[in-house]
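S.K.: Sending over a structure as structure tokens; questions will come in a sec.
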Amino acid sequence: MWTPDPNIVRSALALVEGEKNLTANLANISALLFYSLKDLNWAGFYLWSEEDKELVLGPFQGKPACLRIKPNRGVCGAAYREQSTQRVPDVHAFPGHIACDGDTRSELVVPLMHQGQCVGVLDLDSPRLDRFTSEDQLLVEELVTTFMPIIWRTK
Ligand code: SME
Numbered sequence: 002m003w004t005p006d007p008n009i010v011r012s013a014l015a016l017v018e019g020e021k022n023l024t025a026n027l028a029n030i031s032a033l034l035f036y037s038l039k040d041l042n043w044a045g046f047y048l049w050s051e052e053d054k055e056l057v058l059g060p061f062q063g064k065p066a067c068l069r070i071k072p073n074r075g076v077c078g079a080a081y082r083e084q085s086t087q088r089v090p091d092v093h094a095f096p097g098h099i100a101c102d103g104d105t106r107s108e109l110v111v112p113l114m115h116q117g118q119c120v121g122v123l124d125l126d127s128p129r130l131d132r133f134t135s136e137d138q139l140l141v142e143e144l145v146t147t148f149m150p151i152i153w154r155t156k
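Here the sequence shown stands for residues 2 to 156, numbered as in our numbering.
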């Protein structure tokens with residue numbers, strides 16, 4: 002049985018330790034985030050397809066979402082293209098925001114970097130305006146830089 006650890010980074014490490022399947026690890030990390038952070042309506046991954054040159058929906062928690070995102074579209078596309086975290090306090094003020102879930106008001110998207118390349122993004126959505134603080138951003142970035150070398154080497 003899984004019991005939550007208040008330290009989310011430690012919790013993520015415990016979840017991925019010993020498992021080499023990428024899908025399984027991303028699925029558990031999305032569930033960990035969805036149930037650990039307050040006021041989220043979506044938490045999940047879009048992975049870059051080198052073949053299709055677009056982001057493709059990966060493991061997530063929340064309502065069914067857009068399957069594919071071109072790199073020149075949306076908050077996820079911006080995070081991928083600029084290889085930098087996008088913290089959007091009001092999605093309605095973000096040009097080109099893709100409304101997968103009409104409840105979403107703010108969004109945090111962190112690029113997944115592997116050996117200098119962006120291989121996907123982690124997307125967190127909230128129905129609350131300005132939900133994500135700079136502390137949240139640092140925490141999620143720390144989480145991503147901690148789990149990426151562990152889960153990606155086994156892809
Ligand atoms: N809102 C995102 C699209 C993904 S969904 O929110 C799950 C965007 O603008 O890229």
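Note that beta-carbon positions come from the ideal geometry of N, C-alpha and C, so glycine has one too.
Quick caveat: nothing in here was measured; it's all calculated off a predicted structure.
To test your reading of the DSSP string, which unbroken beta strand (DSSP E) runs of 3 or more residues are found completely within the stretch 19-80?
M.R.: The qualifying runs are 43-50 and 55-63.
S.K.: Excluding the 5 residues preceding and the 5 following threonine 105 in the sequence, name in chain order all residues of the same chain whose CB lies nearer than 8 Å to its CB.
M.R.: These residues qualify, in order along the chain: Asn42, Trp43, Val92, Asp126, Ser127 and Pro128.
S.K.: Check whether the stretch 110-125 touches the stretch 76-86, counting contact only when three or more Cβ pairs, one atom from each stretch, lie closer than 8 Å.
M.R.: Segments in contact, yes.
S.K.: Around the C-beta of aspartate 1, are 16 or more other C-beta atoms found within 10 angstroms, so that it is buried, or is it exposed?
M.R.: Past the edges of the chain, shown from 2 to 156, lies residue 1, and the structure says nothing about it.
S.K.: May I ask you to check if the CB of tryptophan 159 is nearer than 7 Å to at least one heavy atom of ligand 1?
M.R.: No information on residue 159 is available, as it lies outside the stretch 2 to 156 that the chain covers here.
S.K.: Which term fits serine 12, buried or exposed, when burial requires 16 or more other beta carbons within 10 angstroms of its beta carbon?
M.R.: It counts as buried.
S.K.: Straight-line CA distance for alanine 15 to glycine 117?
M.R.: Cα to Cα, alanine 15 sits roughly 25 Å from glycine 117.
S.K.: List the endpoints of the continuous alpha helix (DSSP H) containing serine 12.
M.R.: Counting along the chain, the alpha helix (DSSP H) containing serine 12 begins and ends at 9-17.
S.K.: Do you know whose CA, among Lys21, Cys101, Val89 and Phe95, lies nearest arginine 69's CA?
M.R.: Per the Cα distances, Cys101.
S.K.: Along the chain, where does the beta strand (DSSP E) containing leucine 140 start, and where does it finish?
M.R.: Counting along the chain, leucine 140 falls outside any beta strand (DSSP E), though it belongs to the alpha helix (DSSP H) covering 135-153.
S.K.: So the candidates are Asp40, Val10, Leu139 and Thr147; which of them puts its Cα closest to the Cα of serine 85?
M.R.: Nearest C-alpha to serine 85: Leu139.
S.K.: For ligand 1, is there a heavy atom less than 7 Å away from the beta-carbon of glutamate 108?
M.R.: Yes, the beta carbon of glutamate 108 sits closer than 7 Å to at least one heavy atom of ligand 1.
S.K.: Are three or more beta carbon pairs between the stretch 21-32 and the stretch 55-67 nearer than 8 Å?
M.R.: The stretch 21-32, when compared against the stretch 55-67, does touch it at the 8 Å Cβ threshold.
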